[in-house]
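Asks:
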Amino acid sequence: MPLTQRGRVMRVFWVLVLLAIGGVMAVVHSAGKVGVGYAAKQLCSGVFVSGLPARFVLDNDIEPRLATVPLLSQFLTTDINGATASARVLTAQAEATYRAGYGCTLHGDIAESATPNPAAPSLASDLGAQSKSQTTSAQHTATPQALTQIVDDAFAEPSGGGRNTLAMVVMHRGQLVAERYADPVAPSTRLQGWSMNKSLMASFVGIQVAKGDLALTDNVAARLTALGVPPKTFAGLSEAMTLKHLMSMTSGLDFEERYFPGDDVTEMLYGHGPMWQVPVGLGQRHEPGKVFSYSSGDTNVVSFLWQNTLGDEPYIDWLQREVYAPLALTEPLLEPDVAGYQVGSSFANLTARDWARVGHWWLDAWHGRDALLSQGWQRTAVTPGDSVGGANYGLGFWLNTEQRIFPDLSENTFYSGGNSGQFVVVMPEAELVVVRLGLTLEESKSAMAPVLVALSDYFSKQVPAPATKVASALP
């Protein structure tokens, strides 16, 4: 082969090699934009909100999650500087900053100060207060062995591991009857509920509906117009869409809930703009009310509409007065986006005991025992949808319609669920609330069904006793 021809072949070869390398690097960079956003946000919240060691957050949350994308975790570098956690993958970088009362915000302003997660008040001084919640009782220190074994089973690792249960709390008839934590998590550790925030948002909306500040029949386009949102922001939005469509995940918006680089949900959660604007800017895929399509975007539009009913009051002040104080919650942190709107789809951080208090709030409302949330509202929130694919979802809650999800539990069982195996399960007839929090990459490994069945069977054999009203909103 003549040298000149060989040279041309080699040049073509090296061009192809460089193009291939460039293509790989471009993919890694695109994935990196999502990866650094996730890493910075989770590291910030894990350290400053949950009070967990940075190495624990990296080893058990960030690196396993990023390892699902080839080469991403290998290029990742992270740092904590003052109140800010940062992450970098090649040329992609992101920062998340902590602010007292608000937690961590991705791409937000630098905080003036950072305060690690303070220890929650002692059991005797707060959780047992007669004027507030009786969620936790000293009775659980004498947990029967059979019940202890059920809870222990929820922490047992399957072959190959990956379950990673961090906390579990069981409440029966208003009493905390069992709990367990995996080191370094403790009762005072706030843990992220991910999509369990959607159920919280449904309850916040319920409060405002009772006050007449919102209605499920509210027209979304009309609400946005009244708020002064530029029409081009929601130009493709159906004029028929209501608040109920958003809360039932039947908005029909062309929003994809796939967690891949460049997808709608990753752009929303880890991009630089107000989160609610991403879904309303995508236009319609279906007519509202016809098709169920799980969408964190829908909930963040709900959050925007809810927060705009609060006037000039900061949402953290409203939550403190309307929810935290009545339920005796121990300093939850519900985090905002860069525009200051609470990320209703994802970013709520509560202790396991507080998640249990919230679960019992929903239980009380279901039974008509709560003054803050009406029985009518909570029953509506757990009524199956009639859209295509929507039978197992209500308004912010997952349902056991026709016992499809948990065949051995009552059809009235409902739950709040979140990414990585977060659960607050409410069994109304059994007066039972079960909280499970963890870092389970393959969510099926949380294996909640046998644990819930075992708990249901255990308590069905106990002598009935009057249920204690836990979440009392008013005297």
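Using the numbering used here, the letters of the sequence shown map in sequence onto residues -15 to 459.
Even glycine gets a Cβ: it sits at the ideal position worked out from N, Cα and C.
#1: In chain order, what residues of the same chain lie with their CB nearer than 7 Å to the CB of D306, ignoring the 5 residues before and after it?
#2: Quick one: complete alpha helix (DSSP H) runs, 4+ long, within the region 29 to 78?
#3: How close, in whole Å, do the beta carbons of D202 and L227 come, if the pair is a contact with beta carbons under 8 Å?
#4: Sorted by chain position, which residues of the same chain lie with C-beta nearer than 7 Å to E241's C-beta, five sequence neighbours on each side aside?
#5: The beta strand (DSSP E) with Q192 in it runs from where to where?
#6: Does H256 pass the burial test, meaning 16 or more other C-beta atoms within 10 Å, or should it be called exposed?
#7: Expressed to the nearest angstrom, what Euclidean distance is found between the alpha-carbon atoms of T424 and V264?
#8: Does the distance from the C-beta atom of G19 to that of V73 stay below 7 Å?
#9: Counting pairs of Cβ atoms below 8 Å between the region 167 to 187 and the region 396 to 409, do you hit three or more?
#10: Since E240 sits in a beta bridge, which residues does DSSP pair it with?
#11: Secondary structure at G21, three-state DSSP: helix, strand or coil?
#12: What residues in its chain sit with their C-beta under 6 Å from that of V135, if we drop five residues either side in the sequence?
#13: How close, in whole Å, do the beta carbons of T62 and A71 come, if the pair is a contact with beta carbons under 8 Å?
#14: What does the Cβ neighbour count give for D167, buried or exposed, with the cut at 16 atoms within 10 Å?
#15: Between which two residues does the beta strand (DSSP E) containing Q159 stretch?
#16: Would you identify the three-state DSSP class for T89, choosing helix, strand or coil?
#17: Pick helix, strand or coil for G401, following the three-state DSSP scheme.
#18: Determine the DSSP secondary structure at N333, reduced to helix, strand or coil.
#19: By the 10 Å Cβ neighbour count, where 16 or more other Cβ atoms means buried, how is G6 classified, buried or exposed?
#20: Just to confirm, is the Cβ distance from L416 to F390 under 7 Å?
#21: To the nearest angstrom, how far is the alpha carbon of D43 from that of L208?
#22: Alpha carbon to alpha carbon, how far is Q406 from G343? Give it in angstroms, no decimals.
#23: So what does DSSP say about T173, is it helix, strand or coil?
#24: Contact defined as beta carbons within less than 8 Å: I believe P272 pairs with S329. What is the distance between those atoms, to the nearest angstrom?
#25: Would you say the region 293 to 304 touches the region 128 to 145, given that touching needs at least three Cβ pairs under 8 Å?
#26: If we call anything under 7 Å between Cβ atoms a contact, is F288 one with W260?
#27: Within 8 Å, do at least three Cβ pairs link the region 349 to 363 to the region 325 to 339?
#28: Taking only the alpha-carbon atoms, compute the straight-line gap between F331 and N292 and give it to the nearest angstrom.
#29: Are V481 and W346 closer than 7 Å when you measure CB to CB?
#30: Would you kindly work out how many angstroms separate the C-alpha atoms of V435 and T52, rounded to a whole number?
#31: Going by the DSSP bridge assignment, what does W382 pair with across the sheet?
#32: Between S430, L421 and M432, which lies nearest to V169 when the distance is taken from Cα to Cα?
#33: What residues match up with Y82 in a beta bridge as DSSP calls it?
#34: What are the boundary residues of the alpha helix (DSSP H) that includes G360?
#35: Measuring alpha carbon to alpha carbon, tell me which residue in R83, A80, P310 and P142 is nearest E427.
#36: May I ask you to list the residues that DSSP assigns as paired with F407?
Replies: Taking the definition as stated:
#1: Inspection of the sequence shows that residue 306 is occupied by Glu rather than by Asp. I191, listed in sequence order.
#2: 38 to 41, 47 to 50 and 56 to 59
#3: The beta-carbon separation of D202 and L227, rounded to 4 Å, stays under the 8 Å limit for a contact.
#4: V249, Y278, S279 and S280
#5: For Q192, there is no enclosing beta strand (DSSP E); the enclosing alpha helix (DSSP H) covers residues M180 to K195.
#6: exposed
#7: 31 Å
#8: yes
#9: Three or more pairs of CB atoms, one per stretch, sit closer than 8 Å, so the region 167 to 187 contacts the region 396 to 409.
#10: Paired residue(s): none; E240 is not in a bridge.
#11: Per DSSP, reduced to three states, the secondary structure at G21 is helical.
#12: M152, A162 and R164
#13: 5 Å between Cβ atoms; contact.
#14: exposed
#15: Q159 to Y165
#16: strand
#17: strand
#18: strand
#19: Confidence at G6 is low in this model, with a pLDDT of 46, below 50, so its placement is unreliable and the value that follows should be read with caution. With fewer than 16 neighbouring CB atoms inside 10 Å of its own CB, G6 falls in the exposed class.
#20: Taking 7 Å as the Cβ cut-off, L416 and F390 do not qualify as a contacting pair.
#21: 42 Å
#22: 13 Å
#23: T173: coil per DSSP, three-state reduction.
#24: With a Cβ gap of about 19 Å, P272 and S329 do not count as contacting.
#25: Contact between the region 293 to 304 and the region 128 to 145 is absent: fewer than 3 CB-CB pairs across the two stretches fall below 8 Å.
#26: In this structure, W260 lies closer than 7 Å to F288 by Cβ.
#27: Contact between the region 325 to 339 and the region 349 to 363 is not established, with fewer than three Cβ pairs separated by less than 8 Å.
#28: 19 Å
#29: Because the chain spans -15 through 459 in this model, residue 481 falls outside it and cannot be assessed.
#30: 28 Å
#31: Y377 and Y399
#32: L421
#33: C88
#34: Q359 to A365
#35: P142
#36: G401 and R420
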